[in-house]
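Novice: Residue numbers (numbering that gives the first Met the number 0), protein chains in the order written: chain H, 0 to 121; chain A, 0 to 129.
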Amino acid sequence: MSQRYSSFEPKGTRWLLQRLTAAFLVVVLAFHFMLLHFVNHAADVTFAGTQMRMQTAGYFVTMVAFGLTATFHGVNGVYNALVNQGIDGTAKAVVKYGLVLAGLLLAVQIVRLSLVMAGISL
Amino acid sequence: MSQSYDRGLVEDFGRWTEFSAGMWAWIFHKFTGWVLVGYLFTHIAVLSTAMSGPEVYTSTLQGLESLLIVRFLEVGLLAVAVFHILNGVRLLLVDLGIGLESQDRSFYASLILTGAIVVASVPTFLAGAV
Ligand code: HEM
Numbered sequence: 000m001s002q003r004y005s006s007f008e009p010k011g012t013r014w015l016l017q018r019l020t021a022a023f024l025v026v027v028l029a030f031h032f033m034l035l036h037f038v039n040h041a042a043d044v045t046f047a048g049t050q051m052r053m054q055t056a057g058y059f060v061t062m063v064a065f066g067l068t069a070t071f072h073g074v075n076g077v078y079n080a081l082v083n084q085g086i087d088g089t090a091k092a093v094v095k096y097g098l099v100l101a102g103l104l105l106a107v108q109i110v111r112l113s114l115v116m117a118g119i120s121l
Numbered sequence: 000m001s002q003s004y005d006r007g008l009v010e011d012f013g014r015w016t017e018f019s020a021g022m023w024a025w026i027f028h029k030f031t032g033w034v035l036v037g038y039l040f041t042h043i044a045v046l047s048t049a050m051s052g053p054e055v056y057t058s059t060l061q062g063l064e065s066l067l068i069v070r071f072l073e074v075g076l077l078a079v080a081v082f083h084i085l086n087g088v089r090l091l092l093v094d095l096g097i098g099l100e101s102q103d104r105s106f107y108a109s110l111i112l113t114g115a116i117v118v119a120s121v122p123t124f125l126a127g128a129v
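1) Are any of the Cβ atoms in chain A nearer than 8 Å to that of R18(H)?
2) What residues in its chain sit with their C-beta under 7 Å from that of S109(A), if we drop five residues either side in the sequence?
3) Just verifying my parser: in three-state terms, what is the DSSP assignment at V81(A)?
4) Counting Cβ pairs closer than 8 Å, one from the stretch 35-54 of chain A and one from the stretch 62-78 of chain H, do we hit at least three?
5) Relative to the alpha-carbon of A22(H), which residue among G127(A), A115(A), L92(A), H28(A) has its alpha-carbon at the smallest distance?
6) How big is the Cα-Cα spacing for M0(H) and Q17(H)?
7) For A126(A), name the three-state secondary structure that DSSP assigns.
8) Among the residues of its own chain, which have a CB less than 8 Å from the CB of T59(A), if the five just before and after it don't count?
9) Using a Cβ-Cβ cutoff of less than 8 Å, which residues in the same chain neighbour S120(A) once the five nearest sequence positions on both sides are dropped?
10) Under the assumption that G127(A) contacts A42(H) (Cβ atoms under 8 Å), give the Cβ distance between them as a whole number of angstroms.
11) Say whether chain H places a C-beta atom closer than 8 Å to the C-beta of T119(A).
12) For Y38(A), verify whether its CB is less than 7 Å away from any heavy atom of the ligand HEM.
13) Looking at chain A, is there any beta carbon in it that lies within less than 8 Å of the beta carbon of F71(H)?
14) Residues of chain H with CB under 9 Å from Q61(A), in chain order?
15) So is M116(H) in contact with chain A if we call contact Cβ pairs under 8 Å?
16) Should V79(A) be labelled buried (16 or more other beta-carbon atoms within 10 Å of its own) or exposed?
17) For P53(A), which of M53(H), F46(H), A56(H) has the nearest alpha-carbon?
18) For a test of the three-state rule: what should DSSP assign to L67(H), helix, strand or coil?
19) Inspect the beta-carbon positions of L63(A) and V55(A) and report whether they are closer than 8 Å.
20) Three-state secondary structure (DSSP) at F18(A)?
21) Along the stretch 34-51 of chain A, where does the CB come closer than 8 Å to a CB of chain H? Name the residues.
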């Protein structure tokens, strides 16, 4: 088979974003596991330790970006899975807006929580 | 021009004994994806105890980590996450047109590598709880 039938051609914004967030998450999720299980033991996590990490600008930005991209990737993934199962009509609309709402709430909570962890009060 | 062949419905799970490697990869990727989103919501809820004060956060996390069952669930989560990451990388490569001829082998490689990483991590994950 010499023919190259890559599917990497524009398939819409969500399709592309799902792949871009995936590429980012591969790295940060692996980093997150390494940091909180091997560098620091999960059992030894304290608020002080979390705050120390979150007060480093680079870590703070990484964690917020991690949270927001994971939210998009997860919620969009659920939506795609359900569309793939063949839901349509009202069910599809309900799922869509339900997931958008859940995703927005989680995103807001992640930002608020990150600020609390870093000890920043607005 | 894309070619396809009729592999039958993956949704028709009763046929699982006839499933090809690609169908298993699809099912595992979906299952691990569901677990990870579920975990993400739960994880943020647990971490949100920080909003009730530093002591609540620390005692909640340490209380959870002191339970053996939680340690085992974390090993399970690691397995799920590592598979989803490795198989996800495989899917990205396939989307880029890389390795189309060796998809079966790369799926088996993802499985074996996941197993090896998980087994190697067990001591660290259980340390202090057993
Ligand atoms: C069992 C393995 C895990 C442990 C022990 C763990 C622990 C933690 C801890 C302690 C924090 C607070 C930040 C810090 O102390 O540095 C955190 C943040 C976070 N974790 Fe995990 N985590 C685990 C797995 C995961 C997984 C699999 C995901 C994704 C599905 C995830 C997503 C996040 C996100 C998005 C944040 C940032 C929250 C924020 O900034 O508001 N974690 N994690």
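All C-beta atoms in this analysis are idealised placements derived from N, C-alpha and C, irrespective of residue type, glycine included. Please read these numbers as outputs of a predicted model, since none were measured by experiment.
Specialist: Considering the structure as presented:
1) Within the first sequence, residue 18(H) is the residue found at index 19, counting from 1. Chain A, which has a Cβ nearer than 8 Å to the Cβ of R18(H), makes this yes.
2) Indexing the second sequence from 1 puts residue 109(A) at position 110. Excluding sequence neighbours, S109(A) sits near F82, L85, N86, R89.
3) On the second sequence, residue 81(A) is found 82 positions in, with the first residue counted as 1. The answer is helix: DSSP assigns V81(A) an H, G or I state.
4) yes
5) As a working mapping, residue 22(H) is identified with position 23 in the first sequence. Comparing Cα-Cα distances from A22(H) to each of G127(A), A115(A), L92(A), H28(A), the minimum goes to L92(A).
6) Reading the first sequence from its first residue, position 1 is the one you call residue 0(H). Reading the first sequence from its first residue, position 18 is the one you call residue 17(H). Note that M0(H) scores 40 on pLDDT, short of 50, meaning its location in the model is unreliable and no value can be drawn from it.
7) Position 127 of the second sequence holds residue 126(A). In this structure, A126(A) counts as coil in the three-state DSSP scheme.
8) In the second sequence, residue 59(A) corresponds to position 60, counting from 1. Closer than 8 Å at Cβ, skipping near neighbours: V45, T48.
9) Along the second sequence, read from residue 1 onward, the residue named residue 120(A) stands at position 121. Correct list, in chain order: V74, L77.
10) Residue mapping note: residue 127(A) aligns to position 128 of the second sequence, counting from 1. Residue mapping note: residue 42(H) aligns to position 43 of the first sequence, counting from 1. Confirmed, about 5 Å.
11) Start at 1 with the first residue of the second sequence, and residue 119(A) comes out as number 120. For the record, residue 119(A) in the displayed sequence is Ala; it is not Thr. Chain H, which has no Cβ nearer than 8 Å to the Cβ of A119(A), makes this no.
12) The residue given as residue 38(A) occupies position 39 in the second sequence. Y38(A): yes, Cβ under 7 Å from the ligand HEM.
13) To locate residue 71(H), count along the first sequence from 1; it is residue 72. No, F71(H) lies away from the interface with chain A (no Cβ there is under 8 Å from its Cβ).
14) Within the second sequence, residue 61(A) is the residue found at index 62, counting from 1. In chain order: A42, D43, V44, T45.
15) Here the question's residue 116(H) lines up with position 117 in the first sequence. Chain A contact via Cβ: present.
16) Numbered from its first residue, the second sequence carries residue 79(A) at position 80. Label assigned to V79(A): buried.
17) Within the second sequence, numbered from 1, the residue matching residue 53(A) stands at position 54. Selected option, being the one with the closest Cα: F46(H).
18) As a position in the first sequence, residue 67(H) is number 68, starting the count at 1. Helix at L67(H).
19) Within the second sequence, residue 63(A) is the residue found at index 64, counting from 1. Within the second sequence, residue 55(A) is the residue found at index 56, counting from 1. Going by C-beta atoms, L63(A) is not nearer than 8 Å to V55(A).
20) On the second sequence, position 19 is the one that residue 18(A) refers to. Three-state DSSP puts F18(A) in coil, outside helix and strand.
21) L35, V36, L39, F40, I43, L46, S47, A49, M50
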